[in-house]
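Asker: I'd like to ask some things about the structure below.
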Amino acid sequence: MTFNDYFHVELNTALTGRELIFKEIFHKHPDRSLDCPHNLDETRDILEEAQESGLDSFAELLFYTHLSESSFFQNGSDTELYQHCRYLPAICHSHDFFEIVCVVNGCCTNYIKNQSLSMKKGDICIIAPEVSHAISAFSDECFICNILLRTSTFEKAFFGTLEENDILSDFFARSLYHSPSHPYLCFQTGYDTEVFNYIGYAYHEFNRNRQYKNRMLNSIINALFITLLRNHGNNVIMPETGSTKKSENLVFMLKYIQEHFNTVSLAELSGFFNYSERQIQRIIKDSTGLGFSENILRLKMKKAGKLLKNPDLTIATVAEKTGYSDPGTFRQAFKKYYGMTPKEYRQ
């Protein structure tokens, strides 16, 4: 069953009663620019008008500009999925959990920390906790699925998937948590049905009250992130780079380092990616928080630690497999990194 099979009712029906109320108010007040970002005080009268027009209990949530995990996630759930309300005023808000905006149909504008991100069908945007943002979706054709995840659930699913790719994990984590102006990731999937089918499965599961629901949702979210990173790890918009092409080159560079850390050099990267060695150094430092040599050392030492768990491998073999031609040099580097010799680590 495909995403459209799960969503055929929602995708082909008219606006909900809630959306009709907001659409009427939007056209009633063209001078208010409700499709542009506003704070709560600027739109309070609009929300009160919607309440007077018969808006359901959903209106109560709109008067909260910050939501916490403890108040939002009920009955021990880790995941919530909702269709974004079309024509809802773009009210800036934040929360201490992750939000994943999935554009199923049409287009919208995502305002994140005073920056605007235009999103089209197939785009998926991951917004970090405590980040002020607002979604502007003012079209009957627009269909957005919002996935809300506890921070611990997101980190386990997303960064757990990247466990084998340390340098890329650092890059994404730095982008989400340490970017002062652009704390988000946006994947352009071109409406990859394999990815969006998992979103459909999750939505379908969320709206059914079945046994093991929370565990099933967590499994689907894990599969979603695996598929997203597998198929579109190179199609992520990193706002700090300023262009999709530069973002793609940066992700590819980090993957290249991860896969060739035994032998890669700055000179090789410089020639391969057409940047000067100084530029390469700066790019890697800015994107991961560590310099080139520090990243290489960490990757080598992590691999060495895993190899040493195999008692059939000699220290010399482990050294060779981690890019050291001299076992003595390997021992010195290992002891400096771990505070013990390879032999002591193995014991």
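In the working numbering, each residue's number is its place in the sequence shown (first place is 1) plus 5.
Note that CB positions come from ideal geometry on N, CA and C, so glycine has one too.
Which parts of the segment 268 to 297 are runs of the alpha helix (DSSP H), unbroken and 4 residues or longer, counting only runs that do not cross its ends?
Answerer: Here the runs fully enclosed are 271 to 278, 282 to 293.
Asker: On the DSSP letters alone, give me the boundaries of the alpha helix (DSSP H) that alanine 95 sits inside.
Answerer: Here residue 95 refers to the residue found at position 90 when the sequence shown is read from its first residue. Looking at the DSSP string, alanine 95 is not in any alpha helix (DSSP H), and its letter there is neither H nor E.
Asker: Going by C-alpha distance, which of Ser174, Ile226, Ser224, Lys118 is nearest tyrosine 189?
Answerer: Along the sequence shown, one-based indexing puts residue 189 at 184. The residue with the shortest Cα to Cα distance from tyrosine 189 is Lys118.
Asker: Going straight from the alpha carbon of threonine 322 to that of leucine 233, what length do you get?
Answerer: Working through the sequence shown from its first residue, we reach residue 322 at position 317. Working through the sequence shown from its first residue, we reach residue 233 at position 228. Each residue's alpha carbon lies about 36 Å from the other.
Asker: In chain order, which alpha helix (DSSP H) runs of at least 4 residues are fully inside the segment 134 to 201?
Answerer: Runs of the alpha helix (DSSP H) inside the segment 134 to 201: 156 to 159, 171 to 182.
Asker: What is the C-beta distance between glutamine 355 and leucine 304, in whole angstroms, given that I count them as a contact (C-beta under 8 Å)?
Answerer: Within the shown structure, residues of the chain are numbered from 6 to 352, placing residue 355 beyond reach of any answer.
Asker: Looking at the structure shown, is tyrosine 314 part of a helix, part of a strand, or coil, going by DSSP?
Answerer: Looking up residue 314 in the sequence shown gives position 309. With the sequence shown as reference, residue 314 is identified as lysine, and tyrosine is not the correct amino acid for it. Correct three-state label for lysine 314: coil.
Asker: Quick check for students: name the residue ranges of the beta strand (DSSP E) that lie wholly in the segment 48 to 89, counting only runs of 3 or more.
Answerer: Counting only runs of 3 or more, we get 84 to 88.
Asker: By the 10 Å Cβ neighbour count, where 16 or more other Cβ atoms means buried, how is alanine 272 classified, buried or exposed?
Answerer: Within the sequence shown, numbered from 1, the residue matching residue 272 stands at position 267. Looking at its Cβ environment, which holds fewer than 16 other Cβ atoms inside 10 Å, alanine 272 is exposed.
Asker: Closer than 8 Å by C-beta to phenylalanine 277: which residues in its own chain qualify, once you throw out the five before and the five after it? Chain order, please.
Answerer: What you label residue 277 is simply residue 272 of the sequence shown in a count that begins at 1. If we look at phenylalanine 277 and ignore the five residues flanking it on each side, its Cβ neighbours are Tyr261.
Asker: My output table needs one value for glycine 247: the three-state DSSP class, helix, strand or coil.
Answerer: Locating residue 247 in the sequence shown gives position 242, counting from the first residue. Interpretation of glycine 247 is limited by its pLDDT of 49, a score under 50 that renders its predicted location unreliable; no figure is taken from the coordinates.
Asker: Report buried or exposed for aspartate 128, applying the criterion of at least 16 other Cβ atoms within 10 angstroms of its Cβ.
Answerer: Taking the sequence shown and counting its residues from 1, one reaches residue 128 at position 123. Flag for aspartate 128 reads buried.
Asker: For a quick check, are the C-beta atoms of cysteine 90 and arginine 37 less than 7 Å apart?
Answerer: Position 85 of the sequence shown holds residue 90. Position 32 of the sequence shown holds residue 37. It is not a contact, given that the beta carbons lie outside the stated cut-off.
Asker: For glycine 205, count neighbouring C-beta atoms within 10 Å of its own C-beta (all shown protein chains included) and say buried if the count is 16 or more, exposed if not.
Answerer: Residue 205 sits at position 200 when you count from the first residue of the sequence shown. Label assigned to glycine 205: buried.
Asker: Which same chain residues, not among the five before or five after cysteine 147, have their C-beta less than 7 Å away from its C-beta?
Answerer: Here residue 147 corresponds to residue number 142 of the sequence shown, with the count starting at 1. Within the same chain, cysteine 147 has close Cβ partners Arg91, Asn110, Gly111, Cys112, Cys113.
Asker: For arginine 220, does the count of other Cβ atoms within 10 angstroms reach 16, so buried, or fall short, so exposed?
Answerer: Reading the sequence shown from its first residue, position 215 is the one you call residue 220. Flag for arginine 220 reads exposed.
Asker: In the DSSP assignment, find the alpha helix (DSSP H) that holds methionine 221 and state where it starts and stops.
Answerer: By one-based count along the sequence shown, residue 221 stands at place 216. Looking at the DSSP string, the run of the alpha helix (DSSP H) that includes methionine 221 is 218 to 237.
Asker: Helix, strand or coil for aspartate 128 per DSSP?
Answerer: Taking the sequence shown and counting its residues from 1, one reaches residue 128 at position 123. Of the three classes helix, strand and coil, the one that applies to aspartate 128 here is strand, per DSSP.
Asker: Take glutamate 82 as the anchor and find which of Phe335, Ser144, Leu222 has the nearest alpha-carbon.
Answerer: Walking along the sequence shown from the start, residue 82 turns up at place 77. Correcting the residue identity first, residue 82 is serine in this sequence and not glutamate. Nearest C-alpha to serine 82: Leu222.
Asker: Rounded to whole angstroms, what's the CA-CA distance from threonine 327 to glycine 296? Just pull it up for me.
Answerer: If you number the sequence shown from 1, residue 327 lands on position 322. If you number the sequence shown from 1, residue 296 lands on position 291. Straight-line Cα distance between these residues: approximately 19 Å.
Asker: By DSSP's criteria, tyrosine 116 is part of a beta bridge. Which residues make up the other side?
Answerer: Numbered from its first residue, the sequence shown carries residue 116 at position 111. Tyrosine 116 pairs with Ser121, Ala139.
Asker: Sort out for me which residues DSSP pairs isoleucine 242 with in a bridge.
Answerer: For the purposes of this step, residue 242 is taken as the residue at position 237 of the sequence shown. Partner(s): Cys191.
Asker: In or out: aspartate 175 buried (at least 16 other Cβ within 10 Å) or exposed?
Answerer: Here residue 175 corresponds to residue number 170 of the sequence shown, with the count starting at 1. Its Cβ being crowded by 16 or more others within 10 Å, aspartate 175 is buried.
Asker: Closer than 8 Å is the cut-off here; do at least three beta carbon pairs connect the segment 225 to 232 with the segment 145 to 165?
Answerer: Short answer: they touch.
Asker: Closest to valine 108 by C-alpha separation, out of Asn267, Arg287, Lys126, Ala139, would be which residue?
Answerer: As a first step, residue 108 is located in the sequence shown; it is residue number 103 there, counting from the start. Cα-wise, what sits closest to valine 108 is Lys126.
Asker: When you compare each of Asn236, Ile96, Tyr280 to tyrosine 196 by their alpha carbons, which one comes out closest?
Answerer: Counting from 1 along the sequence shown, the entry for residue 196 is found at position 191. When only C-alpha atoms are compared, the closest one is Asn236.
Asker: At which residues does the beta strand (DSSP E) containing phenylalanine 103 begin and terminate?
Answerer: In the sequence shown, residue 103 corresponds to position 98, counting from 1. Unbroken beta strand (DSSP E) run through phenylalanine 103: 103 to 110.
Asker: Going by other Cβ atoms of all chains shown within 10 Å of its Cβ, with 16 needed for buried, is glutamate 65 buried or exposed?
Answerer: Numbered from 1 along the sequence shown, position 60 holds the residue referred to as residue 65. Exposed.
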